[in-house]
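Protein chains in written order, with this note's numbering: chain A, 15 to 189; chain B, 474 to 927. First up is the structure itself, then whatever we jot down about it.
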Amino acid sequence: MERDKNFVLGVFDDEDVLLNAVKEVRSSGVKIHEVYSPFPVHGLDEVLGYRRSRLPIAAFLFGMLGTTLALLMQFYMMKWDWPMIIGGKDFGNFPTMVPVGFELTVLLAALGMVAVFMVSSDLKPYKIPRIFDLRSTDDKHIMAIDLAYNDGAEDKIKEVLKSSGASEVNNKSFE
Amino acid sequence: MQVTSSVREPLVTGGKTIKDVTNDIARHVEGKPTKGWLLAVAVSLGVLTIGALALVATLWEGIGMWGLNKTVGWAWDITNFVWWVGIGHAGTLISAVLLLFRQKWRTSINRAAEAMTIFAVICAAQFPIIHMGRPWLGAYWALPLPNTYGSLWVNFNSPLLWDVFAISTYFTVSLVFWYIGLIPDFATIRDRAKGLRKVIYGALSFGWDGAAKTWMRYETVSLILAGLATPLVLSVHTIVSFDFATSVIPGWHTTIFPPYFVAGAIFSGFAMVLTLMIITRKVYKLEDYVTMTHIELMNIVIIITGSIVGIAYITEFFIAWYSGVAAEQYAFINRATGPYWWAYWSMMTCNVISPQLFWFKKIRTSIVATFILSIVVNIGMWFERFVIIVTSLHRDYLPSSWAMFYPTMYDVGVYLFTFGLFFTLFFLFAKFFPVINMAEVKSVLKSSSEKVNK
Numbered sequence: 015m016e017r018d019k020n021f022v023l024g025v026f027d028d029e030d031v032l033l034n035a036v037k038e039v040r041s042s043g044v045k046i047h048e049v050y051s052p053f054p055v056h057g058l059d060e061v062l063g064y065r066r067s068r069l070p071i072a073a074f075l076f077g078m079l080g081t082t083l084a085l086l087m088q089f090y091m092m093k094w095d096w097p098m099i100i101g102g103k104d105f106g107n108f109p110t111m112v113p114v115g116f117e118l119t120v121l122l123a124a125l126g127m128v129a130v131f132m133v134s135s136d137l138k139p140y141k142i143p144r145i146f147d148l149r150s151t152d153d154k155h156i157m158a159i160d161l162a163y164n165d166g167a168e169d170k171i172k173e174v175l176k177s178s179g180a181s182e183v184n185n186k187s188f189e
Numbered sequence: 474m475q476v477t478s479s480v481r482e483p484l485v486t487g488g489k490t491i492k493d494v495t496n497d498i499a500r501h502v503e504g505k506p507t508k509g510w511l512l513a514v515a516v517s518l519g520v521l522t523i524g525a526l527a528l529v530a531t532l533w534e535g536i537g538m539w540g541l542n543k544t545v546g547w548a549w550d551i552t553n554f555v556w557w558v559g560i561g562h563a564g565t566l567i568s569a570v571l572l573l574f575r576q577k578w579r580t581s582i583n584r585a586a587e588a589m590t591i592f593a594v595i596c597a598a599q600f601p602i603i604h605m606g607r608p609w610l611g612a613y614w615a616l617p618l619p620n621t622y623g624s625l626w627v628n629f630n631s632p633l634l635w636d637v638f639a640i641s642t643y644f645t646v647s648l649v650f651w652y653i654g655l656i657p658d659f660a661t662i663r664d665r666a667k668g669l670r671k672v673i674y675g676a677l678s679f680g681w682d683g684a685a686k687t688w689m690r691y692e693t694v695s696l697i698l699a700g701l702a703t704p705l706v707l708s709v710h711t712i713v714s715f716d717f718a719t720s721v722i723p724g725w726h727t728t729i730f731p732p733y734f735v736a737g738a739i740f741s742g743f744a745m746v747l748t749l750m751i752i753t754r755k756v757y758k759l760e761d762y763v764t765m766t767h768i769e770l771m772n773i774v775i776i777i778t779g780s781i782v783g784i785a786y787i788t789e790f791f792i793a794w795y796s797g798v799a800a801e802q803y804a805f806i807n808r809a810t811g812p813y814w815w816a817y818w819s820m821m822t823c824n825v826i827s828p829q830l831f832w833f834k835k836i837r838t839s840i841v842a843t844f845i846l847s848i849v850v851n852i853g854m855w856f857e858r859f860v861i862i863v864t865s866l867h868r869d870y871l872p873s874s875w876a877m878f879y880p881t882m883y884d885v886g887v888y889l890f891t892f893g894l895f896f897t898l899f900f901l902f903a904k905f906f907p908v909i910n911m912a913e914v915k916s917v918l919k920s921s922s923e924k925v926n927k
C-alpha cells in the first residue's frame with residue numbers, strides 16, 4: 015500500500031476526549047499520522063510522544079549572535095575605525111553600548127527564532143496546505159491515521175476510534 | 474488539563490460554543506463593509522488628508538513652520554512622539570506580560586491591543602523623522618551606514634541613537650508577534666472562503682494546517698517572544714526617558730524617569746485600549762467576548778499605574794526641594810505656578826485625580842464613565858509630556874533667553890495627520906483582520922463558558 019495517500023480520520027468535538035483518545039489509540043498499537051486542531055490543546059504534544067521543541071535553543075543562539083554583533087559593531091565604529099572625543103568619554107565606552115547591545119540581542123533572537131519556526135514548520139505564503147477536513151480550523155479536532163503504516167488494518171482502527179469517543183470516523187484519500 | 478473553577482466568572486459569556494466563536498468573529502471579515510464603517514474610514518481619511526497638507530508644508534518649507542524657537546527646540550513633535558509610543562505599550566503588556574502571568578482574560582483583547590501598538594508606533598516614528606528636517610537624508614544620521622565622510626559613524630553615546638534602535642526593534646518584534654498570532658486565524662478564514670478571498674487569506678495564512686506539532690512550536694514561539702517582548706517594552710520607554718534624563722536640563726535630569734515613564738505609558742495605553750475596545754465591542758456586538766470583567770480589570774490596571782504616576786509627580790517635587798538645587802526647585806515651582814500653570818494642573822487633574830474615581834465600583838463598571846475617563850486620561854498624559862518638555866525648556870539658564878512656545882497650525886496639522894493615520898489603519902484592521910484572536914479564545918472557552926460548564 016502506498017504511503018501518505020489513504021487515511022482514516024477520527025473527528026473529535028472536545029479536547030479532553032481527544033487527549034484521552036490519543037492515549038487509547040496509541041496504546042492499542044495504532045500509529046497516528048498527526049492531529050489537526052483549531053486551537054492549541056495543552057498536553058497534546060506529550061500524549062502524542064513529540065519531543066520538546068528546540069526553538070528556545072535557536073532563540074538563545076541567535077540572541078548571542080545579536081549581542082556579539084552589536085558589541086563588535088560599536089567597538090569597531092567608536093574605538094577603532096574613527097575614535098572621537100565625545101564629552102571626554104572613553105572611546106570604548108562600554109556602559110553606553112548596553113542599550114543598543116540589548117536591543118539587537120532581542121531583535122536577532124526574535125527574528126532568528128521565528129525564521130527557524132517558519133522553516134521547520136514549512137510555513138510560507140505560497141504553500142497550499144493539505145487539509146484533511148475543513149472543520150479542523152473551525153471547531154473539530156481531526157486525528158489522521160495513515161493506513162500504510164498500520165498494515166491496512168482499517169476495521170480495527172475504526173473500532174478503536176469509535177470506542178475512544180470520536181464523533182465521526184471518515185476515510186480520506188489523496189491523489 | 475483544563476482546570477475549571479466554580480468561583481471564577483466566565484471569560485466568555487452567552488454560552489458560546491467553539492463554532493459560535495468562529496462565526497461571530499469571521500462574520501465581520503466576510504461581510505460587506507457597513508455604511509458606518511465606510512463613514513468612519515472616510516472621516517479618518519479626511520483628517521489624514523488635512524494633516525498631510527500640514528505635513529507637506531512642513532517638509533517643503535522646513536520645521537520653521539512649527540512654533541519652535543531657539544529656546545524651546547522640542548515641543549509638540551516630541552510630546553506627540555512620547556505620547557504615541559506610550560500608547561503603544563499597553564498592547565505588548567497585554568499580549569506578553571499577561572501571557573507570562575497566565576492571565577487568560579487577555580485572549581479577547583490582545584489582538585486589537587497589539588494592532589494598536591503597531592499603529593501607535595508607526596505614528597510615533599513620524600515625529601522624530603519629520604523633526605530631522607530633511608528626512609530623506611535621515612538614514613545617514615540615524616543609522617550606522619557607511620558613508621563618504623570617512624566613514625563618520627553615528628554616535629553610540631547618544632540616547633537619541635539608542636532610541637532609533639529601541640523603537641525599530643520594538644516595532645519589528647511587535648509586528649512579528651502579532652503576525653504569528655494572526656496566522657491560525659487567517660487559516661480559519663481561508664477554510665471558510667471561496668475564490669479570491671481564499672487565495673488572499675491562503676497566502677496570509679502561510680499554509681497553516683493546525684497540526685499538533687506546529688501548534689507545539691507555535692506555543693513555544695509565543696512564550697519565548699513574550700519573554701523577549703517583556704524586557705523589550707520596559708527598555709523602550711526607559712530609553713525614551715533617557716532622551717530627557719541623561720541631559721542636564723532642570724526638570725529632566727531625574728533618575729526616576731525610567732520607571733515613571735513606563736508606568737505612564739501603560740497608564741495611557743490601557744486608556745487607549747479601552748477607548749478603542751468600547752467602540753469595537755459595541756459596533757461589532759462583541760459584548761460576550763469583551764465583557765464587563767475585562768473592562769473592570771483594565772480599569773484596575775489604570776488605578777494602579779495612575780497612582781504610580783501620581784506618586785512620581787509628588788516624588789519629583791519633593792526631590793527638587795530636598796536636593797537644594799535652586800535651578801531644580803525653580804523648574805518645579807515654575808511648572809505649577811508659571812505661565813504654563815494651566816497645562817500642569819490639567820495634567821494633575823486628568824492623571825492623578827480622575828483615575829482615582831475608579832475606586833468606586835459603580836464608575837469602574839460603567840461603560841459611559843469608563844469611556845469618558847479613558848479619553849480624559851489620554852488628554853492628561855499628553856499634557857504630562859508637554860509639561861515635562863516645554864516648561865523645562867522655556868526658562869533657559871540665561872534669563873535673556875526665556876521664551877514661550879505657541880503652536881502654529883502646522884504643529885496641530887501634523888498631529889492631526891497621525892490621528893488620521895492611526896484611525897485609518899485601525900479601521901482597515903477591524904474590517905479585514907479578525908479583531909479577536911479566535912484560536913486563543915477557543916482554547917479558554919472550556920474553562921470559562923457557562924454552557925460547557927453546566
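By construction, the Cβ of each residue, glycine as well, lies at the ideal position given by its N, Cα and C atoms. These figures come from a predicted structure and were not determined experimentally.
**Message:** Using a Cβ-Cβ distance cut-off of 9 Å, determine whether Gly623(B) contacts chain A.
**Reply:** yes
**Message:** Let me check understanding here. Comparing Cα to Cα, which of Ala123(A), Asn184(A), Pro143(A) lies closest to Ile71(A)?
**Reply:** Ala123(A)
**Message:** On the DSSP letters alone, give me the boundaries of the alpha helix (DSSP H) that Asp160(A) sits inside.
**Reply:** Asp160(A) -> not in any alpha helix (DSSP H); beta strand (DSSP E) instead, spanning 155-160.
**Request:** With DSSP collapsed to three states, give me the class of Tyr813(B).
**Result:** coil
**Buried versus exposed call for Arg579(B) [16 or more other C-beta atoms within 10 Å across all chains shown]** = Burial call: buried.
**Request:** Compute the distance between the beta-carbons of Ala738(B) and Ala569(B), then report whether it is under 9 Å.
**Result:** no
**Message:** Just to confirm, is the Cβ distance from Ala809(B) to Ile775(B) under 9 Å?
**Reply:** no
**Prompt:** Taking Cβ positions, are Val709(B) and Ile640(B) nearer each other than 9 Å?
**Reply:** yes
**Request:** Please name the residues in the stretch 50-65 of chain A whose beta-carbon is closer than 9 Å to at least one beta-carbon of chain B, in chain order.
**Result:** Within the stretch 50-65 of chain A, the qualifying residues are Tyr50, Ser51, Pro52, Phe53, Pro54, Val55, His56, Gly57, Leu58, Asp59, Leu62, Tyr64.
**Message:** I'd like to know whether the C-beta of Lys37(A) is nearer than 9 Å to at least one C-beta of chain B.
**Reply:** no
**Message:** Taking the straight line between their C-alpha atoms, what separation do you get for Val31(A) and Gly179(A)?
**Reply:** 6 Å
**Prompt:** So is Pro619(B) buried or exposed if we call it buried at 16+ other beta carbons inside 10 Å?
**Reply:** exposed
**Request:** Could you tell me whether any Cβ in chain A is nearer than 9 Å to the Cβ of Asp497(B)?
**Result:** Closer than 9 Å: no.
**Message:** Can you confirm whether Gly101(A), when its beta carbon is compared against all beta carbons of chain B, has any partner nearer than 9 Å?
**Reply:** yes
**Asked** Looking at the C-beta of Ser916(B), does it have a partner C-beta in chain A at a distance below 9 Å?
**Response** yes
**Request:** Please confirm if the stretch 588-607 of chain B is in contact with the stretch 770-786 of chain B, defined as three or more CB-CB distances below 8 Å between the two stretches.
**Result:** no
**Message:** Can you give me the C-alpha to C-alpha distance between Trp814(B) and Phe892(B), rounded to a whole angstrom?
**Reply:** In a straight line, the C-alpha of Trp814(B) is about 27 Å away from that of Phe892(B).
**Request:** Going by CA-CA distance only, name the one from Gly80(A), Ser187(A), Asp147(A), Trp96(A) that's closest to Pro52(A).
**Result:** Distance from the Cα of Pro52(A) is smallest, within the candidate group Gly80(A), Ser187(A), Asp147(A), Trp96(A), for Asp147(A).
**Request:** Can you pull the chain B residues whose beta carbon is under 7 Å from the beta carbon of Ser178(A), in chain order?
**Result:** Those do not exist, as Ser178(A) stays about 16 Å from chain B at its closest Cβ, beyond 7 Å.
**Prompt:** What is the rounded straight-line gap between the Cα of Val914(B) and the Cα of Lys37(A)?
**Reply:** 26 Å
**Prompt:** Does DSSP put Glu38(A) in a helix, in a strand, or in coil?
**Reply:** Glu38(A) falls in the helix class under three-state DSSP.
**Request:** Please list the residues of the stretch 628-648 of chain B that have a C-beta atom closer than 7 Å to any C-beta atom in chain A, keeping them in chain order.
**Result:** So the list reads Asn628, Phe629, Asn630, Trp635, Phe638, Ala639, Thr642, Thr645, Val646, given in the order they occur along the chain.
**Prompt:** Shortest alpha-carbon distance to Met771(B) belongs to which of Leu566(B), Ala685(B), Gly488(B)?
**Reply:** Leu566(B)
**Item:** Interfacial residues, the stretch 695-715 of chain B to chain A, with Cβ spacing under 7 Å
**Value:** From the stretch 695-715 of chain B, only Ile697, Leu698, Leu701, Leu705, Ser708, Ile712 have a Cβ closer than 7 Å to chain A.
**Asked** Do you know whose CA, among Ala84(A), His155(A), Gly126(A), lies nearest Ala35(A)'s CA?
**Response** His155(A)
**Message:** Using only CA atoms, which one of Glu692(B), Ile787(B), Ile523(B) lies nearest to Arg68(A)?
**Reply:** Glu692(B)
**Asked** Going along chain B, which residues have a C-beta under 7 Å from Ala165(A)?
**Response** Before going on, a small fix: residue 165(A) reads as Asp here, not Ala. Per Cβ cutoff of 7 Å: no residues; Asp165(A) is ~24 Å from chain B at best.
**Prompt:** How many whole angstroms separate the CB atoms of Ala660(B) and Trp635(B), which I take to be in contact at a CB cut-off of 8 Å?
**Reply:** About 39 Å; that fails the 8 Å criterion.
**Prompt:** Thinking just about the alpha-carbon of each residue, which of Val502(B), Val516(B), Ala793(B) is nearest to the one in Leu894(B)?
**Reply:** Val516(B)
**Item:** Chain-ordered neighbours of Asn107(A) on chain B, where CB pairs are closer than 9 Å
**Value:** Correct list: Phe629, Asn630.
**Prompt:** Got a sec, what are the start and stop residues for the alpha helix (DSSP H) Glu587(B) sits in?
**Reply:** 583-604
**Request:** Would you mind telling me which residues of chain B sit closer than 9 Å to Leu69(A), beta carbon to beta carbon, in chain order?
**Result:** Arg690, Thr693, Val694, Ile697
**Request:** Would you verify that the beta carbon of Glu587(B) is, or is not, closer than 9 Å to some beta carbon of chain A?
**Result:** Output row for Glu587(B): interface = no.
**Request:** Note the first and the last residue of the continuous beta strand (DSSP E) segment covering Ser187(A).
**Result:** 182-187
**Message:** Can you tell me whether Val721(B) is buried or exposed? The criterion is at least 16 other CB atoms within 10 Å of its CB, across all chains shown.
**Reply:** Flag for Val721(B) reads exposed.
**Asked** Under a three-way DSSP split, which group does Asn807(B) fall into?
**Response** helix
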